[in-house]
Amino acid sequence: MAIFFLCFSCVLLLVSFVFFLRKIKENKRCSNLPPNPPRLPIIGNLHQLAGLPHRCIHHLSIKYGPVVLLHLGSVPTVVISSSEAAEQVLKLHDLVCCSRPKTVATGKLSYGFKDIGLAQYGEYWREMRKLVVIELFSLKKVRSFRKIREEEVGLMVKKVSESALQQSPVDLNNTFFSLTASIICRVALGQNFNESGFFIGKGRLEELLNELVLVLGGFTCSDLFPCGGLGRFLDWLFGGHNRINKVFEELDAFYQHVIDDHLKHEAHAGKKAMDSQADIAALLLGMMDKQGDKDYLKLSIDNIKGVITVVEVEDVRERPPERLFATDRFPCERVNVYLAVDRVLWATDVLDETQIGDVLNGTPGMTKLMGS
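The sequence shown maps to residues 1065 to 1436 in the working numbering.
In structure tokens, the structure reads:
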């Protein structure tokens, strides 16, 4: 028994000595790191982010400066909290910092980073960006969507006018979501969001897209503790991946339904009719059929689904009502904008898209309002 305790003590002493030497070596190697708050074992600085993360980080930046090193579990993370530091990161060192972090949710919902928004910087991202800019969102293609935008905005104005005549309240969140979702569904999917027989209900689609944004912006235990199996065990224990899988399966079924509809339309009407469709899904399917063996970028169904996901996420992230209510912070600039729009509206019955841009860009204080 005495020999056992002696051996155990020697092993423990040896491990402690190795750990101590490793710690000294890390400190010498990492002496140029940003200031970091004291952290706890295992969880790091997670306990200091309880509550609203942006406010917690703001309080930490006041104490430790605009560049702070936080340990989210076992993952070291540098947080930037000033415009000057952000310029250094996003402009001068853009190539080093341009790739978004890989998480369980982003990997799953982007079909293995096969989209453009979450793909890692490299040759694949450059080819995908070239395809999106030239083929999908060129000036000519964006102008071809103008009729869709005008029709949907006209329908929204008609509904608001009817509510005004009946003196009934208008839910701006629901109204603007219906507008943007209708435009996105017609532009990206070639399907009318408001038609009966749509694959998924409007209420459920709104819930699903909001869940998608929340899931993409969150972390699982596997993200915070990637080594040693602790994160995977905690996710298995608490069902950390269940919500991600549920959102993915429902969205994937929706995308597959849209793609199957396009393929059926191609089978019945021919490829020329397919090529004449203006929506993004049809364009991507057409490019997938035409790609050759020498093409670097090999489009697949997963690539198409990933691009559609990016379009929908950007749709949900924009919140026009929040922008409208934020104008209360700048009443003088708000009055200038209202007067400028009124002057143009009194002079014409229909306000053109280009006129809207000219009015907003030429109005003093508009930049402050849009950045609020």
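Here a beta-carbon is modelled for each residue, glycine too, at the ideal position from N, C-alpha and C.
Can you give me the start and stop residues for the alpha helix (DSSP H) that residue i sits inside?
i     : result
T1167 : No alpha helix (DSSP H) contains T1167, which DSSP labels as neither H nor E.
V1153 : Element bounds for V1153: n/a, residue is neither H nor E.
G1295 : 1294-1302
S1286 : 1285-1288
L1195 : 1187-1195
C1291 : Looking at the DSSP string, C1291 is not in any alpha helix (DSSP H), and its letter there is neither H nor E.
C1249 : C1249 -> no alpha helix (DSSP H), and no H or E assigned at all.
A1346 : 1344-1354
I1212 : 1210-1229
Using three-state DSSP, classify residue i as helix, strand or coil.
i     : result
I1368 : helix
G1115 : coil
G1267 : helix
M1338 : Residue confidence is low: M1338 scores 49 on pLDDT, short of 50, so the model does not pin down where it sits. Its coordinate-derived value is still stated next. Three-state DSSP puts M1338 in a helix.
L1136 : strand
V1234 : coil
T1239 : helix
L1104 : strand
K1362 : coil
I1198 : helix
D1316 : helix
D1179 : coil
H1157 : coil
L1097 : coil
A1109 : Reading off the sequence shown, one finds Asn at residue 1109, where the question assumed Ala. In the structure shown, N1109 sits in coil (DSSP, three-state: anything other than H, G, I, E or B).
S1174 : coil
D1325 : helix
H1305 : coil
C1162 : coil
With a CB to CB cut of under 6 Å and the five nearest residues on each side skipped, what residues in its chain are close to residue i?
i     : result
K1223 : none
V1371 : D1179
K1172 : I1308, F1312
Is it true that the CB of residue j sits closer than 8 Å to the CB of residue i?
i     : j     : result
P1450 : V1131 : Lying outside 1065 to 1436, the shown extent of the chain, residue 1450 is not represented and no answer is given.
L1110 : L1136 : yes
A1252 : V1375 : yes
V1168 : T1244 : no
E1290 : V1139 : The sequence shown places Pro at residue 1290, rather than the Glu named in the question. Yes.
S1164 : L1182 : In the sequence on display, residue 1164 carries Arg and not Ser. The answer is yes: Cβ separation under 8 Å.
K1354 : Y1175 : no
L1363 : L1348 : yes
F1263 : F1318 : yes
L1315 : L1280 : no
G1292 : L1298 : no
L1276 : V1377 : yes
G1295 : L1301 : no
R1250 : D1343 : yes
K1266 : S1242 : yes
N1162 : Y1185 : Just to set this straight, residue 1162 is Cys in the shown sequence, not Asn. Their beta carbons are under 8 Å apart, which means C1162 touches Y1185 by this criterion.
May I ask which residues mark the beginning and end of the beta strand (DSSP E) holding residue i?
i     : result
T1141 : 1139-1144
L1253 : It is not in any beta strand (DSSP E) - L1253 carries neither H nor E in the DSSP assignment.
If we cut at 8 Å on Cβ distances, does residue i have a partner in chain B?
i     : result
V1277 : Chain labels in this structure do not include chain B; a single protein chain is all it has.
CB-CB under 8 Å to residue i, same chain, minus the five flanking residues each way: which ones, in chain order?
i     : result
A1150 : I1144
E1187 : Y1360
E1199 : K1205, L1347, M1351
R1193 : I1180
Taking 7 Å as the limit between beta carbons, can you name the residues of its chain near residue i, skipping five residues before and five after?
i     : result
V1322 : L1253, Q1255, A1345
I1247 : I1212, R1213, E1216
S1340 : Bear in mind that the predicted position of S1340 carries a pLDDT of just 48, short of 50, making it unreliable; the figure below should be weighed with that in mind. Cβ neighbours of S1340 beyond the five flanking positions: none.
L1113 : C1120
D1357 : none
L1195 : L1361
L1219 : none
H1157 : none
G1282 : A1169
Does the Cβ of residue i lie closer than 7 Å to at least one heavy atom of the ligand NAP?
i     : result
I1264 : With respect to the ligand NAP, the structure shown offers nothing to examine, as it has no ligands at all.
What does DSSP give as the partner residue(s) for residue i in the beta ladder?
i     : result
V1277 : According to DSSP, which records beta bridges pairwise, V1277 is partnered with nothing at all.
V1131 : I1144
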